[in-house]
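**Q**
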Amino acid sequence: MTTIGIRKKLHEYIADADDKKVKGMYLLLEDEIAKKDDFICTPRHLEILEEEKRNHLNGASKSYNWEEAKEIIRGNKTMD
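Mapping to my numbering: the sequence shown position 77 is 77, numbers consecutive.
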C-alpha cells in the first residue's frame, strides 16, 4: 500500500474511532506532534518579512525565480 493510501485509511479510521483510541494514538505521537509546533514567528520576524516584501514589490531588492534559485544553490549561477 502506498503512503497516500495509508494516510487516507488513517484519516478515515481516526474520524470514526472512539475517544479512547484517538487519545491513545495521540499519546504515542505527542512528542512528534509537539516538534511541529516549535517554530514561533515573533513580531520582529514578521517585521523583517514585511520589509523584505516591500523591498521586493518596489524593486529595491533582487528577486529570483525558482529556476534561478536552483542554479544559485547548485553553484551554477551567481547572485547578481
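Ideal Cβ positions, reconstructed from N, Cα and C, are used throughout, including at glycine. The model shown is predicted, which means the values in this text are computed figures rather than measured ones.
1) Mapping the DSSP letters down to three states, classify N76 as helix, strand or coil.
2) Is the beta carbon of S61 closer than 8 Å to that of E71?
3) Can the beta-carbon of V22 be found closer than 8 Å to that of I14?
4) Taking the alpha-carbon positions, what's the E30 to E50 distance?
**A** So, from the data block:
1) Coil, per DSSP.
2) Result no, Cβ atoms of E71 and S61 do not sit closer than 8 Å.
3) For the 8 Å CB-CB criterion, V22 and I14 form a contact.
4) C-alpha separation (whole angstroms): 33 Å.
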